[in-house]
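Q: Can you read through this structure? Questions will come right after.
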Amino acid sequence: MNTADSERLSHQLESVGYTPTEDVEIADLILLNTCAVRENAETKVYGRIGELMRLKRKNKNLILAVTGCMAQKNQAEMFKRAPHIDIVLGTHNIQHINEMIEEVQRGHTHQINVDMDNSVLPELEAKPNGTFYAWVPIMNGCNKFCTYCIVPHVRGREISRPVEAIVKEVTELGAKGFKEITLLGQNVNSYGLDFKDGTDFGTLVDALDGIPGIERIRYMTSHPQDMTKSMIDALGRSSNIVTHLHLPIQSGSNRILKKMNRHYTVEHYKELLSYCREKIKDVVVTTDIIAGFPGETEEDFLATLQLLKDVRYDMAYTFIYSKRSGTPAATMDDQVPEEVKRVRLQTLMDVQNEISYELNKPMEGQVFDIIVEGPSPRDEDMWFGRTSGNKMVLFPKDDSLSIGETVPAYIDKAQTWVCYGTIQKG
Ligand code: SAH
Ligand code: SF4
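Here our numbering is used: the first residue of the sequence shown is 1, the next is one more, and so on.
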């Protein structure tokens with residue numbers, strides 16, 4: 001979501017003449033787009049803001065702006081903690097960045113806009129990112145209020161973009177040569193419900209089927225409470241929806257799910273997943289899990305471990321529970337000690353890594369279509385691409401390949417997080 005917002009902010013900045021730089025020392029404007037979902041994300045940003053003081057002293061014209069969830073959460077308090085910040089821009093106001101910069105240039109620092117009262121989402125153009133994939137926000141906000149989560153407090157209530165606006169954007173992206181899009185929403189399964197006219201995520205999936213040029217449609221994040229069988233049917237029949245499903249469960253204990261305000265049971269989740277596995281051919285399933293939510297006993301934790309073994313996810317994103325002030329869980333009195341949380345996280349990761357490896361291993365000797373993404377972040381001589389199921393395949397750099405090309409990859413070796421392959425071309 002932040003990447004999508006950043007591309008929209010960049011587009012606006014470039015429209016008034018800014019150009020991007022890799023060198024922070026020569027920047028005239030530094031805009032930090034922040035996350036507040038866990039405490040360490042916030043701590044890092046304050047650290048970075050502190051470091052930027054040096055550049056503000058050096059360049060009197062440098063403008064320092066902070067946007068994203070942390071700006072929305074901390075609001076004017078940010079100026080108190082770091083008076084060298086010029087702009088605090090909330091999550092609902094990124095369309096106003098240029099006006100705020102102008103105000104600062106006129107000599108009025110400490111500009112702030114954290115209003116959240118808009119009822120429609122602004123249609124903002126994204127700066128082309130030079131790749132074959134694009135992020136397409138389909139909604140903003142969240143109405144769920146899971147007791148650990150800051151998102152509804154900083155992203156506000158759900159507002160969906162009209163189906164026609166999304167279809168128009170995706171059609172244009174297809175015409176411009178984009179091959180893959182990712183539909184973004186905190187809970188894509190409640191997409192369209194705010195229109196109260198029968199529109200839902202299934203309607204959107206059907207409407208996006210067959211748009212020329214769009215080979216793959218990814219979507220995140222799905223929510224077990226709102227995902228219905230008819231939406232799964234739509235995912236199953238679509239010709240361009242990917243085989244990857246990210247379906248966060250958060251905990252394998254019904255008692256903890258209730259305390260989290262997640263409104264589904266492990267039994268319901270498993271039933272839903274069986275239906276997905278039946279309808280979406282070769283579906284690759286990943287999840288999110290929180291270790292050490294307040295009140296999580298050893299028994300609750302063992303239920304989560306058991307769930308991992310029962311469901312056998314391709315991958316699980318595991319997080320240590322992080323207290324977010326203003327959320328109900330932060331003041332629950334049975335907080336789990338840090339050390340216990342860390343041990344539980346490690347145990348979850350160990351069990352999951354083994355399962356991921358076991359599930360990847362049979363990919364060896366098979367051929368998967370991948371879209372070439374370019375050099376691996378770790379090794380310039382290796383390139384990579386992803387399968388429809390979002391598995392990363394590394395292969396030796398080959399100058400005859402271009403970024404965005406769809407090619408068959410023979411899997412030579414599978415590991416826990418990546419596979420190594422040979423491109424079969426011509
Ligand atoms: N809307 C998505 C998730 C958004 S946040 C959903 O409902 O699944 C991404 C993930 O961060 C969550 O799935 C959760 O596992 C994790 N998370 C959110 N708040 C957290 C907190 N306070 N501590 C630890 N992990 C958290
Ligand atoms: Fe947070 Fe829950 Fe909303 Fe996801 S559904 S963003 S975890 S409140």
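Yeah, the Cβ is synthetic: ideal placement off N, Cα and C, and Gly gets one too.
Considering only their Cβ atoms, is the gap separating Ile355 from Thr406 smaller than 8 angstroms?
A: No, they are not a contact pair.
Q: What's the call for Val367, buried or exposed, on a 16-neighbour Cβ count within 10 Å?
A: Val367 comes out exposed.
Q: Indicate the three-state DSSP secondary structure (helix, strand or coil) for Asp300 in the structure shown.
A: In the structure shown, Asp300 sits in a helix (DSSP, three-state: H, G or I).
Q: May I have the straight-line CA-CA distance separating Thr203 from Ala234, to the nearest angstrom?
A: Rounded to whole angstroms, Thr203 to Ala234 spans 8 angstroms at the Cα level.
Q: Count the C-beta pairs between the region 191-210 and the region 225-244 that are closer than 8 angstroms, then say yes if the count reaches three, no if not.
A: Touching, per the Cβ criterion.
Q: Can you tell me whether Ile26 is buried or exposed, with buried defined as 16 or more other CB within 10 angstroms of its CB?
A: Exposed, by the Cβ-count rule.
Q: Tell me the rounded alpha-carbon separation between Gly295 and Val37.
A: Taking the straight line from one Cα to the other gives about 20 angstroms.
Q: If we require 4 or more residues per run, which alpha helix (DSSP H) segments fall completely within the region 32-66?
A: For the region 32-66, whole alpha helix (DSSP H) runs of length 4 or above, ordered along the chain, are 39-58.
Q: Does the structure place the region 314-327 close enough to the region 273-288 that three or more beta carbon pairs sit under 8 angstroms?
A: Touching, per the Cβ criterion.
Q: Under 7 angstroms: does the beta carbon of Phe319 sit that close to some heavy atom of ligand 1?
A: At least one heavy atom of ligand 1 is nearer than 7 angstroms to the Cβ of Phe319, so yes.
Q: Given that a residue counts as buried once 16 or more other Cβ atoms are within 10 Å of its Cβ, and exposed if not, what is Phe178?
A: Phe178 comes out buried.
Q: Please classify Met53: is it buried, with 16 or more other beta-carbons within 10 angstroms of its beta-carbon, or exposed?
A: Under this definition Met53 is an exposed residue.
Q: Which stretch, first to last residue, makes up the beta strand (DSSP E) that contains Ala76?
A: No beta strand (DSSP E) holds Ala76; DSSP gives it neither H nor E.
Q: Give the DSSP-derived three-state secondary structure of Cys69 in the structure shown.
A: Helix.
Q: Under 8 angstroms, do Thr147 and Ala329 count as touching if we go by C-beta distance?
A: Yes, they are a contact pair.
Q: For Ser356, verify whether its CB is less than 7 angstroms away from any heavy atom of ligand 1.
A: No, Cβ of Ser356 sits at least 7 angstroms from all heavy atoms of ligand 1.
Q: Got a sec: does ligand 2 put a non-hydrogen atom nearer than 7 angstroms to the Cβ of Val151?
A: Correct: Val151 has its Cβ closer than 7 angstroms to ligand 2.
Q: Relative to the C-alpha of Ile437, which candidate in Arg48, His92 and Pro248 has its C-alpha closest?
A: Since the first residue of the chain shown is 1 and the last is 426, residue 437 is not available in this structure.
Q: In angstroms, rounded to a whole number, what distance separates the CA positions of Ala303 and Glu338?
A: Straight-line Cα distance between these residues: approximately 20 angstroms.
Q: Keeping to the same chain, check which residues put their C-beta closer than 7 angstroms to that of Gly174; ignore five residues upstream and five downstream.
A: Hits under 7 angstroms: Ile211, Pro212, Gly213 and Ile214.
Q: Can you tell me whether Asn427 is buried or exposed, with buried defined as 16 or more other CB within 10 angstroms of its CB?
A: Nothing can be reported for residue 427: it is not among the residues displayed for the chain, which extend from 1 to 426.
Q: Does the beta-carbon of Thr91 have 16 or more other beta-carbons within 10 angstroms, so that it is buried, or is it exposed?
A: Thr91 is buried by the Cβ-count criterion.
Q: Got a sec: does ligand 1 put a non-hydrogen atom nearer than 7 angstroms to the Cβ of Cys276?
A: Cys276: no, Cβ never under 7 angstroms from ligand 1.
Q: Does at least one heavy atom of ligand 2 sit under 7 angstroms from the Cβ of Lys258?
A: Checking every heavy atom of ligand 2 against the Cβ of Lys258, none is found closer than 7 angstroms.
Q: Cβ atoms of His244 and Ser376: under 8 angstroms apart, would you say?
A: No, the pair does not count as a contact, with Cβ atoms beyond the cut-off.
Q: Quick check: the region 5-24 against the region 124-137, are there 3 or more CB pairs under 8 angstroms?
A: Yes: at least three Cβ pairs fall under 8 angstroms.
Q: Quick check on Glu99: buried or exposed, where buried means 16 or more other Cβ atoms within 10 Å of its Cβ?
A: Exposed, because fewer than 16 other Cβ atoms sit within 10 Å of the Cβ of Glu99.
Q: Using beta-carbon positions only, say whether Gly374 and Ile411 come within less than 8 angstroms of one another.
A: Contact flag unset, no.
Q: What residues match up with Asn140 in a beta bridge as DSSP calls it?
A: Partner(s): Ile159.
Q: DSSP three-state call for Tyr357: helix, strand or coil?
A: The answer is helix: DSSP assigns Tyr357 an H, G or I state.
Q: Using a threshold of 7 angstroms, is the CB atom of Cys142 nearer than that to any non-hydrogen atom of ligand 1?
A: Cys142: yes, Cβ under 7 angstroms from ligand 1.
Q: Should Leu273 and Leu247 be called a contact, given that it needs their Cβ atoms to be closer than 8 angstroms?
A: Cβ atoms of Leu273 and Leu247: closer than 8 angstroms.
Q: Which complete beta strand (DSSP E) runs does the region 301-384 hold, if anything under 3 residues is left out?
A: The region 301-384 contains these whole beta strand (DSSP E) runs: 315-320 and 367-375.
Q: Just the Cα atoms here: how many angstroms apart are Glu180 and Glu358?
A: So the two alpha carbons sit approximately 28 angstroms from each other.
Q: Does DSSP classify Met231 as helix, strand or coil?
A: Helix at Met231.
Q: Check for me: the alpha helix (DSSP H) holding Ala207 runs from which residue to which?
A: Looking at the DSSP string, the run of the alpha helix (DSSP H) that includes Ala207 is Phe201 to Ala207.
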